[in-house]
Amino acid sequence: MTDSKGKRNGGLGRREFLATGAAALGLGVTGFPAVLRAQPASVKVGLIHPVSGFIAFSGTQCRAGAEMAIADINAAGGIKSLGGAKLEAMLGDSQGKPEVGASEVSKMVEGGVHGIVAGYSSAISLATSQEAAKSMTPHIVDVGVSDQIVDRGLKNTFRFAPGYGTIAKFAVDNLAGINQMSDDKAKTAMIIHEESLFGTGTANLLQKKLPEIGIEVLDVIKHANPTRDFTNIVLQIKSKKPDLIIPANYYNEYVLLARTMRQQQVKAKGIYSVLGGAASNYKFVNEFPEAAQGIMDCNHWFNPKSEIALQRKAAAEAKGLVYTYEVFLAYNAVVALADGFERAGSTEHDAVNEALAASTLDMSYMPYGPTKMINGQNVGARPVNTQVLDGKIEVIFPQAFASAKPVFPMNS
Numbered sequence: 000m001t002d003s004k005g006k007r008n009g010g011l012g013r014r015e016f017l018a019t020g021a022a023a024l025g026l027g028v029t030g031f032p033a034v035l036r037a038q039p040a041s042v043k044v045g046l047i048h049p050v051s052g053f054i055a056f057s058g059t060q061c062r063a064g065a066e067m068a069i070a071d072i073n074a075a076g077g078i079k080s081l082g083g084a085k086l087e088a089m090l091g092d093s094q095g096k097p098e099v100g101a102s103e104v105s106k107m108v109e110g111g112v113h114g115i116v117a118g119y120s121s122a123i124s125l126a127t128s129q130e131a132a133k134s135m136t137p138h139i140v141d142v143g144v145s146d147q148i149v150d151r152g153l154k155n156t157f158r159f160a161p162g163y164g165t166i167a168k169f170a171v172d173n174l175a176g177i178n179q180m181s182d183d184k185a186k187t188a189m190i191i192h193e194e195s196l197f198g199t200g201t202a203n204l205l206q207k208k209l210p211e212i213g214i215e216v217l218d219v220i221k222h223a224n225p226t227r228d229f230t231n232i233v234l235q236i237k238s239k240k241p242d243l244i245i246p247a248n249y250y251n252e253y254v255l256l257a258r259t260m261r262q263q264q265v266k267a268k269g270i271y272s273v274l275g276g277a278a279s280n281y282k283f284v285n286e287f288p289e290a291a292q293g294i295m296d297c298n299h300w301f302n303p304k305s306e307i308a309l310q311r312k313a314a315a316e317a318k319g320l321v322y323t324y325e326v327f328l329a330y331n332a333v334v335a336l337a338d339g340f341e342r343a344g345s346t347e348h349d350a351v352n353e354a355l356a357a358s359t360l361d362m363s364y365m366p367y368g369p370t371k372m373i374n375g376q377n378v379g380a381r382p383v384n385t386q387v388l389d390g391k392i393e394v395i396f397p398q399a400f401a402s403a404k405p406v407f408p409m410n411s
């Protein structure tokens with residue numbers, strides 16, 4: 000028997016039979032196997048980092064973190080608003096040179112890239128974002144901290160981590176607090192910095208801000224990249240006897256400076272880095288524990304009380320990676336870009352840029368407040384203060400994320 004719709008009682012009508020039968024056979028409504036239907040096109044993400052040259056360690060760390068994020072996002076279903084489209088990495092090596100980074104952007108744009116994550120150093124990030132702006136290709140800065148990157152009004156450029164201004168203010172305010180807590184206060188400092196935009200910009204800011212908290216800057220010394228011998232610089236430090244030594248260098252030079260200071264038995268109340276290339280790095284801490292002991296740093300760090308952050312750290316370490324800020328900031332940058340694609344429901348540049356500019360991405364796995372983008376900068380992003388204590392990198396400020404109390408003077 001059939002009802003008025005042609006459906007046999009207790010059974011299936013013709014339309015339902017065709018639909019369920021097709022599903023059972025793996026067929027689409029066209030009658031062709033579902034596996035033969037066109038899959039959503041991949042979303043091309045350009046990763047441009049210095050994986051060769053003098054900052055290759057940091058660039059390689061960035062690339063590894065970004066590729067981890069791509070793998071995790073794809074495993075979780077890809078960009079769902081685009082039918083589950085997978086992210087596809089396009090890899091570029093800036094060689095540590097801004098002009099090469101810009102050239103890599105140009106090649107990727109010609110290759111149909113939908114968004115770019117770059118480029119570790121501030122100088123490279125300035126060049127890659129400027130080149131990407133010519134085509135309005137969405138560009139996420141992973142690490143570069145120069146505020147010039149986001150102060151140029153580029154509508155395609157975004158940074159979810161904090162920049163110079165925020166970091167310098169945080170560093171100086173907390174240094175003032177640490178100093179006030181001590182009976183043996185620091186009154187003088189020397190700044191040792193690398194020659195590029197990162198080191199020079201950091202030194203210029205600190206040179207202005209330290210006198211505001213009663214710390215006289217005795218000298219500011221610039222060094223080349225790379226530098227293979229810090230003996231002369233360390234002898235200058237030793238002769239001037241500053242209470243604080245403030246390095247702003249990339250990884251290799253930071254390690255060599257710290258080791259040379261220890262070999263020359265430099266005495267100071269504190270080594271207080273701002274964006275120190277090694278001070279918040281377990282590679283340095285594990286390989287040279289005596290040189291690292293007691294060093295304070297104001298830098299990017301993850302939320303040590305977040306289960307998500309700890310799971311990502313464990314996953315990175317399971318791959319043999321040292322979980323440095325390069326790894327998790329590049330990971331975060333890919334997550335942010337993917338969120339832009341997801342909310343835009345498109346890979347069209349203007350739509351993605353608009354979505355990124357309105358981002359409210361939950362980044363509580365970092366010690367950040369709510370995400371809010373102003374002129375491409377996430378103003379909710381904050382650094383932390385860390386200190387190396389007994390072979391561990393401990394968070395000492397802010398209190399909400401602290402795992403230890405500061406030890407100052409460092410040899411007390």
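Under numbering that gives the first Met the number 0, residue 411 is the last one in the sequence shown; the count climbs by one each step, no gaps. Every residue gets a Cβ at the ideal spot worked out from N, C-alpha and C, and that includes glycine.
Query, Result
"Ala131 versus Asn374, Met365, Asn352, Thr187, residue with shortest Cα-Cα distance", "Asn352"
"Residues of its chain near Ile270, where Cβ-Cβ distance is below 6 Å and the 5 sequence neighbours each way are ignored", "Ile244, Ile294"
"For Asp172, the three-state DSSP class (helix, strand or coil)", "helix"
"Buried versus exposed, by CB contacts within 10 Å (16 or more), Lys404", "exposed"
"Close beta carbons around Ile47, own chain, < 6 Å, minus the five adjacent residues each side", "Gly91, Ser93, Gly100, Glu103, Ala117, Gly118, Thr127"
"Rounded separation between Phe197 and Ala122 - CA only", "7 Å"
"Burial state of Ser80, where buried means 16 or more other Cβ atoms lie within 10 Å", "exposed"
"Exposure of Met67, with buried meaning 16 or more beta-carbon neighbours within 10 Å", "buried"
"Same chain only: Cβ atoms within 6 Å of Leu217, ignoring 5 sequence neighbours per side", "Thr187, Met189, Lys239, Pro241"
"Neighbourhood of Ser402 by C-beta, 7 Å cutoff - its chain only, sequence neighbours within 5 removed", "Pro303, Glu393, Val394"
"Residues bridged to Tyr271 [DSSP beta-bridge criterion]", "Met295"
"Sheet register partners of Ile190 (DSSP bridge)", "Val219, Ile245"
"For Gly200 and Met89, the rounded distance between their alpha carbons", "31 Å"
"Separation of Val326 from Gly10, as counted between CA atoms", "A caution first: Gly10 carries a pLDDT of 40, below 50, which makes its placement in the model unreliable, though a value can still be read off. Approximately 57 Å, taken between the alpha carbons."
"6 Å CB neighbourhood of Ile177 in its chain, flanking five on each side removed", "Pro405, Phe407"
"C-alpha distance - Lys221 paired with Val44, whole-angstrom precision", "36 Å"
"Whole-angstrom distance between Leu86 and Leu274, CA atom to CA atom", "31 Å"
"Run of the alpha helix (DSSP H) containing Gly276, from where it starts to where it stops", "Here Gly276 belongs to no alpha helix (DSSP H), and DSSP marks it neither H nor E."
"Close Cβ partners of Ser358 (< 6 Å) along its chain, the five nearest in sequence each way excluded", "Thr370, Met372"
"Residue burial classification, Ala317 (beta-carbon count within 10 angstroms, cutoff 16)", "exposed"
"Own chain, CB closer than 8 Å to Ser41, minus 5 neighbours either side, in chain order", "Ala84, Lys85, Leu86, Glu87"
"For His416: DSSP bridge partner residues", "Because residue 416 is not part of the residues shown, which for the chain are 0 to 411, the question remains open."
"Complete runs of the beta strand (DSSP E) confined to the stretch 279–367 [at least 3 residues]", "295–298"
"Boundaries (first-last residue) of the beta strand (DSSP E) holding Asn384", "383–388"
"Span of the beta strand (DSSP E) around Ile392", "391–396"
"CA nearest to the CA of Phe418, picked from Ile212, Met260, Lys207", "Nothing in the structure corresponds to residue 418, since the chain is present only between 0 and 411."
"Under 7 Å between C-beta atoms of Pro161 and Pro382", "yes"
"Cutoff 6 Å; reference His138; Cβ partners in own chain excluding five residues on either side", "Ile115, Ser128, Ala131, Asn155, Thr156"
"Best match in Ala278, Phe287, Asn251 for proximity to Gln262 [C-alpha to C-alpha]", "Phe287"
"Start and end residues, beta strand (DSSP E) containing Ile139", "138–140"
"Neighbourhood of Met409 by C-beta distance below 6 Å, restricted to the same chain and skipping five residues each side", "Gly269, Gly293"
"Local Cβ density within 10 Å of Gln60, reported as buried at 16 or more and exposed below that", "buried"
"Length of the line joining the Cα atoms of Arg227 and Leu256", "9 Å"
"Collapsed DSSP secondary structure at Phe400 in the structure displayed", "helix"
"Beta-bridge pairing of Lys43 - partner residues as DSSP gives them", "Glu87"
"First through last residue of the alpha helix (DSSP H) which encompasses Val116", "Taken as a continuous stretch (DSSP letters only), Val116 belongs to no alpha helix (DSSP H), being part of the beta strand (DSSP E) at 114–117."
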